[in-house]
DNA sequence: AACAAGCGCTAACAATCGTTAGTTTTGGCA
DNA sequence: TGCCAAAACTAACGATTGTTAGCGCTTGTT
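Structure representation (structure tokens):
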């Protein structure tokens with residue numbers, strides 16, 4: 006039940022891109038999934054590249070928006086990090102296909118759009134870094150190389166969609182309960 | 006300084022596949038990087054698909070081999086996990102391009118080769134799971150959902166090559182020192 | 001009843017793809 | 001020097017790619 010044909014095309018594209026990758030999905034593949042001919046797509050979109058940009062930038066902006074809602078001062082570093090983890094889980098559930106597509110296919114964006122994406126992603130990472138840095142200065146976080154924390158957190162959070170495709174959605178509560186534990190407190194008892 | 010032209014082709018292909026993805030690299034691209042014509046490639050390899058399979062399966066077998074060298078009984082769970090982390094770091098450094106290619110492009114393998122890869126990967130994950138399970142039974146590991154640990158560890162370890170391209174190789178010792186800490190003991194002080 | 005817009009269609013384009021056939025060049029060994 | 005195999009080349013193939021042009025049907029509004 007899509008609002009417009011435009012959105013329907015983008016959603017279907019995201020689904021196909023997730024499975025096969027941007028370059029392996031032809032406009033004819035996409036059209037056939039929608040039970041129309043490839044040329045008919047161009048009544049709704051202007052190019053294949055535009056579809057990719059719409060998908061990637063939508064998700065990237067979603068992340069940007071959410072990290073900016075996290076209070077700068079009030080809560081503890083731990084609470085902030087937990088909020089970020091919950092954001093990732095929530096977005097992963099809500100827009101699985103588009104998120105997977107963003108992760109795998111942003112490389113295929115052309116000049117301006119690729120730069121826009123890179124900018125959004127860097128801004129997100131910088132926000133994340135800043136939270137960790139503050140936490141380290143306050144002594145709430147261990148003395149471990151900061152970039153390694155950034156990397157290992159985001160590596161896990163960004164690829165949650167891989168986990169979600171394998172498991173049933175019943176186990177989401179377990180993910181929400183145990184993923185923060187694992188990332189924040191480790192696994193050694 | 007490659008042993009044979011065959012290896013040189015595969016190494017160059019891995020490099021290009023890493024940057025642009027399997028489908029975005031044409032045989033003409035590959036040939037031109039080697040200063041020859043596309044048709045000349047076929048004196049050394051039989052198809053583009055064969056190149057991909059060689060790359061992906063080589064790396065997958067490397068991982069399989071290494072996890073089988075980890076003692077089943079002797080060492081503690083922590084030591085085993087540290088050994089696995091070191092393996093991932095070492096392989097990431099030694100065959101960055103091929104590893105990246107495996108992670109991104111295994112989807113484009115055809116039937117038999119894709120199945121071979123899936124089998125190797127599943128076997129690796131099972132070994133990893135078994136180590137964790139044993140650790141949990143011995144009480145060496147926290148009572149956290151096992152699949153979440155598997156996922157978050159492997160998500161980080163498999164994408165180390167992303168980190169490596171950004172940072173200088175000088176910081177590898179820091180990675181070897183702090184990544185195990187981060188993954189095993191968490192970041193909250 | 002006439003019109004316009006939305007949305008599908010067929011047909012075709014130029015470009016590029018992986019790959020093959022057949023030929024020439026190269027370089028090391030007899 | 002002459003030979004042979006390895007490895008380069010040119011030319012071309014059929015298929016597929018993203019995209020455009022132009023046409024026709026449907027539907028709701030004037």
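Chains as they are written, first to last, in the working numbering: chain A, 6 to 194; chain B, 6 to 194.
Where is the CB? At the ideal position from N, CA and C, for every residue including glycine.
Open item on the list: Considering just the uninterrupted stretch of the alpha helix (DSSP H) at residue 49(B), what are its terminal residues?
Closed with: Per DSSP, residue 49(B) belongs to no alpha helix (DSSP H) and is neither H nor E.
Open item on the list: Quick check on residue 90(A): does DSSP put it in helix, strand or coil?
Closed with: helix
TODO: Anything in chain A within Cβ reach of residue 113(B), meaning under 8 Å, just list it in chain order.
DONE: 26 and 29
- [ ] State the Cα-Cα distance for the pair residue 142(B) and residue 147(A), rounded to the nearest angstrom.
- [x] 28 Å
Open item on the list: Quick check on DSSP: helix, strand or coil for residue 154(B)?
Closed with: helix
TODO: Compare the Cα-Cα distances from residue 151(B) to each of 161(B), 162(B), 130(B) and 164(B) and report the closest residue.
DONE: 130(B)
Open item on the list: Just to confirm, is the Cβ distance from residue 102(B) to residue 36(B) under 9 Å?
Closed with: no
Task: According to DSSP, residues forming a beta bridge with residue 146(A) - done: 193(B)
Open item on the list: According to DSSP, simplified to helix, strand and coil, what is residue 114(A)?
Closed with: coil
- [ ] Using the Cα positions of residue 28(B) and residue 149(B), report the straight-line distance between them to the nearest angstrom.
- [x] 40 Å
Open item on the list: Looking at chain B, is there any beta carbon in it that lies within less than 9 Å of the beta carbon of residue 156(A)?
Closed with: yes
TODO: Just the C-alpha distance for residue 26(B) and residue 46(B), rounded to the nearest angstrom, thanks.
DONE: 19 Å
Task: Backbone secondary structure at residue 102(A) - three-state DSSP - done: helix
Task: Exposure of residue 33(B), with buried meaning 16 or more beta-carbon neighbours within 10 Å - done: exposed
Open item on the list: If the criterion is Cβ atoms closer than 9 Å, does the pair residue 90(B) and residue 184(B) meet it?
Closed with: yes
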